[in-house]
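Q: I have a structure here, written as structure tokens, and I will follow up with some questions on it.
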Amino acid sequence: MASLETWEDLADGLPEAEDSEEEEAFTPRHAVAGTSEYVSAQNQPVLLLDLTALAAEVGQTDLNIVREVVVATLATGFTARSDDLFASGHCRHSERDRADEDRRRMEVERGGAVVTLINYPVDIDGVPLGVAWGSVRSASAWEVVDELKEAVAGSNRSLR
2 MASLETWEDL ADGLPEAEDS EEEEAFTPRH AVAGTSEYVS AQNQPVLLLD
52 LTALAAEVGQ TDLNIVREVV VATLATGFTA RSDDLFASGH CRHSERDRAD
102 EDRRRMEVER GGAVVTLINY PVDIDGVPLG VAWGSVRSAS AWEVVDELKE
152 AVAGSNRSLR
């Protein structure tokens with residue numbers, strides 16, 4: 002038996018595939034939905050921020066001031082600032098339709114912490130929120146990509 006040195010050696014013994022066979026093997030399972038239509042008022046992304054922990058970290062007792070400062074800071078560069086909040090562990094991602102339940106669960110997990118909801122801006126780094134979030138939440142042509150998108154949608158990371 003001859004040994005195979007490269008992938009090309011293996012390929013030399015295989016019949017040529019016709020282009021139509023290749024195309025059929027990778028036919029999308031469904032039509033791809035448009036990305037910008039996906040974001041509605043119910044499923045817009047939101048941040049859940051543990052005000053109690055953040056206030057303790059910065060030495061502030063007034064949670065309203067902490068929230069105002071965070072919102073103002075996010076307005077100066079949402080992606081970088083939200084990355085910082087996610088990295089701190091004080092912030093989680095949610096969607097509006099499940100945010101109340103996620104907020105209550107986060108408050109219980111954190112021993113009665115005060116958790117606030119912060120909306121995403123209308124655009125992120127010059128990209129409309131509907132397009133950015135739609136690219137994560139809209140259906141793709143392949144199931145494995147949709148599974149990856151679900152993981153991305155549920156992660157506590159920025160949309161960048």
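Residue numbers (the working numbering): 2 to 161. Ideal Cβ positions, reconstructed from N, Cα and C, are used throughout, including at glycine.
#1: Who are the Cβ neighbours of Asp101 in its own chain at under 7 Å, not counting the five residues just before and after it?
#2: Leaving out five residues before and five after Val47 in sequence, what residues of the same chain have Cβ atoms less than 8 Å from its Cβ?
#3: On a CA-only basis, which of Arg104, Thr80, Gly60 and Val109 is nearest Val128? Give me that one, please.
#4: Give the DSSP-derived three-state secondary structure of Phe27 in the structure shown.
#5: Please look up how many angstroms separate the CB atoms of His91 and Asp126, rounded, as I've assumed it's under 8 Å.
#6: Give the straight-line distance between the Cα atoms of Thr74 and Arg68, rounded to the nearest whole angstrom.
#7: Mapping DSSP to helix, strand and coil, what is Thr117?
A: On the basis of the data shown:
#1: none
#2: His94, Ser95, Glu96, Arg97, Ala100, Leu118, Ile119, Asn120 and Tyr121
#3: Thr80
#4: Confidence at Phe27 is low in this model, with a pLDDT of 48, below 50, so the placement of that residue is unreliable and no value is reported for it.
#5: Actually they do not touch by this definition, with Cβ atoms about 22 Å apart.
#6: 10 Å
#7: strand
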